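Here is the structure we will look at, set down as structure tokens.
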Amino acid sequence: MRQLNVSDVLRECGGKLLQGNEDLELIHFSNDTRTIKANDVYLGIRGENFDGNQFYLEALKKGASCCILDRIEYYESPSEFQSRTIILVEDTVLALQKLAAYKRSFLDIPVVAVTGSAGKTSTKDMIAEILRQKYTVFKTPGNLNGQIGLPLSILEIQDEEVLVLEMGMNDFGQIAKLTKIAQPTMAVITNIGTAHIGILGSQENILKAKLEILLGMKPNSPLFFNGDDVLLKSVNLPDYNIEWCTMKSQDGSFSLKDVVIQHEVSHYRVKALEEEFMVEVPVMGNAFLMDSLLAIAVSVQLGVSSSLIQKGLKNFKLTGNRMEVIHHFGLTILNDTYNSNYEALVNACDILSKYQGNRKIAVLGDVLELNQYASKIHFDIGKIPDLKSVDFLFLHGENAKYIQDGAIESGFAKERIFYFEDKIELEEKLLSFLESGDVVLVKASNGMHFEEIVEKIKESYLE
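Here numbering that gives the first Met the number 0 is used: the first residue of the sequence shown is 0, the next is one more, and so on.
Listed below in structure tokens is the structure:
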């Protein structure tokens, strides 16, 4: 496929060539000097706590063939790098986005966009794993789903036949910008929950923000929506082809029934348009089953056979720190520390309730970005029905005390709840408390750094 070159940057981004070759091809892009490899393009991006422009010489030392910068005051050209290319632009983030949009303009392949309040990454990964059984696929690496990560993902595509992109946001206008860059040919919305409600103000506003995904799409493009989500079900989009995926009824174009959950594996029969077939997927919990149903719907749209769908889902593996199951010296640790919101906690507690073990222990921390809704939503977390199957709660965080209040109101015995203002104290108590055979869920928003608790457990030797 056609590769970008320096002249494209100069033309599309209004860049100025400080030194180097206009004909140089630009293939791999990075904004992180730790991952720079020979012949990569380095983007000097200003963050909240650092200025990537300052590190371009380090990128050149690691073999970068080109650096794109937006701060001229850092520019100097040591003699050993005279042959390398340096471009100055007004804003490197804007330049990155313009380059991604330009590259997208000459891609003639299906582009699947995935968004939603929860389940974006697992749905994206399931879609990609199924599609790989028939096509070459490029998907968003990890969670690079924002204003920098998504355009970087688009720039990385080479000769793949399908592009699967995750789109994240925490405010109005962000999905709109991403979808205009990506120009999806089809889109998935997993659900409308409470993530970022403290910024957006209501679930209705979250729905509006998610529906911005349509702004980059052509009329009549296929949409795959969670038909069990009340807010999504309320939308009226006559100019688009919505395929509804449902678990609570058989009314959708895609539905499932006869669910059987065994040890860390789920089986069910799926109705996919006019066809029915059995599926095995190595996940537990209703939310993951909906994710898999949405992935099946996309795959059917792209002509993947039922046998290849079955193979893809059977091979699926969750991304690390997302309900990652760790068996450690007789313990079962459910590491779900990547992020958190109310809906994800409902799913996590559902999964924990299905495990057999000595004791079930939930180690929970704050859900962030809730602002004025924090106390109510944490209180509601404490009232999640599946928490009643948990033997002990370990809590930490400014708002986690409201989880305690909600749990006690729902009948959870106060003496089985341990609340800690200090995370180190929680770790010490937990490590002395655990016994072989326990099943431990660890979950909080990423900013709470509960992955450190998981590491402490893994580092400890349990007799």
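Quick reminder that beta carbons are idealized off the backbone N, C-alpha and C, glycines included.
Note that this is a predicted model, so its numbers are computed, not measured.
So, are the CB atoms of L425 and H395 less than 9 Å apart? Yes.
Which residues DSSP lists as bridging V345, in chain order: Note: V345 sits in no beta bridge, so no partner.
With distances taken Cα to Cα, identify the nearest neighbour of S339 among V362, V366, I325 and L351. V366
Give the secondary structure of N474 by DSSP, where H, G and I count as helix, E and B as strand, and everything else as coil. In the structure as shown, the chain starts at 0 and stops at 462, and residue 474 therefore has no counterpart that could be examined.
Cβ shell of E462 (< 6 Å), same chain only, five flanking positions each side left out: Reliability fails at E462, whose pLDDT of 47 lies under 50, so the model's placement of it is uncertain and the value that follows must be treated cautiously. The beta carbon of E462 sits closer than 6 Å to no other beta carbon from its chain once the five residues preceding and following it are set aside.
In this structure, how does DSSP classify V187 when only helix, strand and coil are distinguished? strand
Using DSSP with H/G/I as helix, E/B as strand and the rest coil, what is T91? helix
What first and last residue would you give for the alpha helix (DSSP H) that runs through I452? E450 to E458
Where does the unbroken alpha helix (DSSP H) through N204 begin, and where does it stop? Q202 to L210
Taking DSSP's pairing of strands, which residues face L164 in a bridge? A112
Among I295, Y418, Q249 and V345, the one whose alpha carbon lies nearest that of L386: If we check each option's Cα against that of L386, V345 comes out closest.
Look at the Cβ atom of V269, then the Cβ atom of F253, and state whether they are nearer than 9 Å. yes
For the beta strand (DSSP E) containing F253, name the first residue and the last one. F253 to Q261
Three CB pairs or more closer than 8 Å across the region 106 to 115 and the region 27 to 39: The region 106 to 115, when compared against the region 27 to 39, does not touch it at the 8 Å Cβ threshold.
With H, G and I counted as helix, E and B as strand and the rest as coil, what does DSSP make of M224? At residue 224 the sequence reads Phe, which differs from the Met that was named. For F224, the three-state secondary structure derived from DSSP is strand.
Using a Cβ-Cβ cut-off of 6 Å (strictly less than) and excluding sequence neighbours within five positions of R415, which residues of its own chain qualify? F391
Would you say H266 lies against chain B (beta-carbon separation less than 9 Å)? In the structure shown, chain B cannot be found, because there is only a single protein chain.
Cβ-Cβ separation, L433 to K455 (assumed contact under 8 Å), whole Å: That belief does not hold up - the Cβ atoms of K455 and L433 are roughly 11 Å apart, past 8 Å.
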